[in-house]
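Asker: Residue numbers (UniProt numbering): 1 to 155.
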């Protein structure tokens, strides 16, 4: 609430006239802070499908700005990003995307419970559709089982 000082008689005991205008400056400040938070957080959220990826010791490579993820869930369903698609519609859905190029990299994510044959079936569908640049996605780091096998045996 604000008050304005007008030409009042100072000896008069009347209160200042009330102003019924809303101060929108704090509201604008909050909106700008929220906008900045969402602008920073939006690129960080990529794919949120829960997949238990295997680990790898390979050197991580630079990813493109807008990677195309194809995921195979434990129930063998396939998704592009977070959108579930049928296997027969996989190539058609990839072709319909905004950056439809057969030369772009497809990042294939498969849950560790997915049988090898199912992974190869999806790779074959992608290859038959003209997508030959496919990268397999894994978690970075040494798996515990591999680290135990690589460690020299103590006599």
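The beta carbon of each residue, even a glycine, is placed where N, CA and C say it ideally should be.
In this structure, does DSSP put residue 92 in helix, strand or coil?
Answerer: Indexing the chain shown from 1 puts residue 92 at position 92. It is helical.
Asker: Using three-state DSSP, classify residue 136 as helix, strand or coil.
Answerer: Within the chain shown, residue 136 is the residue found at index 136, counting from 1. Residue 136: strand per DSSP, three-state reduction.
Asker: Per DSSP, what kind of secondary structure is residue 34 in: helix, strand or coil?
Answerer: Along the chain shown, read from residue 1 onward, the residue named residue 34 stands at position 34. Note: residue 34 maps to helix in three-state DSSP.
Asker: Taking Cβ positions, are residue 137 and residue 72 nearer each other than 8 angstroms?
Answerer: Along the chain shown, one-based indexing puts residue 137 at 137. Along the chain shown, one-based indexing puts residue 72 at 72. No, the pair does not count as a contact, with Cβ atoms beyond the cut-off.
Asker: Span of the alpha helix (DSSP H) holding residue 125?
Answerer: Residue 125 sits at position 125 when you count from the first residue of the chain shown. Segment 116-128, the alpha helix (DSSP H) holding residue 125.
Asker: Are the Cβ atoms of residue 116 and residue 135 separated by less than 8 angstroms?
Answerer: Along the chain shown, one-based indexing puts residue 116 at 116. Along the chain shown, one-based indexing puts residue 135 at 135. Result no, Cβ atoms of residue 116 and residue 135 do not sit closer than 8 angstroms.
Asker: CA-CA distance, residue 29 and residue 35?
Answerer: For the purposes of this step, residue 29 is identified with residue 29 of the chain shown, where counting begins at 1. For the purposes of this step, residue 35 is identified with residue 35 of the chain shown, where counting begins at 1. Answer to the nearest angstrom: the Cα atoms are 10 angstroms apart.
Asker: Residue 92: which of 19, 38, 125 and 40 sits nearest, CA to CA?
Answerer: Along the chain shown, one-based indexing puts residue 92 at 92. When each option's Cα is compared against that of residue 92, the closest is 125.
Asker: Nearer than 7 angstroms: is that true of the beta carbon of residue 130 relative to any heavy atom of the ligand ZN?
Answerer: Absent from the structure shown: the ligand ZN. Ligands present: none.
Asker: So for residue 59, helix, strand or coil by DSSP?
Answerer: Here residue 59 refers to the residue found at position 59 of the chain shown. In the structure shown, residue 59 sits in coil (DSSP, three-state: anything other than H, G, I, E or B).
Asker: How many Å lie between residue 37 and residue 20 at the Cα?
Answerer: Numbered from 1 along the chain shown, position 37 holds the residue referred to as residue 37. Numbered from 1 along the chain shown, position 20 holds the residue referred to as residue 20. Distance between the alpha carbons of residue 37 and residue 20 is about 32 angstroms.
Asker: In angstroms with no decimal places, state the Cα-to-Cα distance between residue 130 and residue 102.
Answerer: The residue given as residue 130 occupies position 130 in the chain shown. The residue given as residue 102 occupies position 102 in the chain shown. Their Cα atoms are separated by approximately 6 angstroms.
Asker: Could you check if residue 78 is buried or exposed, using at least 16 other CB atoms within 10 Å of its CB as the buried criterion?
Answerer: As a first step, residue 78 must be located in the chain shown, where it is residue number 78. When all chains shown are included, residue 78 counts as buried.
Asker: Please report the distance separating the alpha-carbon of residue 64 from that of residue 31.
Answerer: Your numbering for residue 64 matches position 64 in the chain shown. Your numbering for residue 31 matches position 31 in the chain shown. Computed Cα separation, rounded: 31 angstroms.
Asker: Quickly, what does DSSP pair residue 69 with across the bridge? List them, please.
Answerer: The residue given as residue 69 occupies position 69 in the chain shown. Answer by DSSP bridge pairing, in chain order: 107.
Asker: Could you tell me the distance, in whole angstroms, from the CA atom of residue 23 to the CA atom of residue 16?
Answerer: Here the question's residue 23 lines up with position 23 in the chain shown. Here the question's residue 16 lines up with position 16 in the chain shown. Roughly 18 angstroms between the two C-alpha positions.
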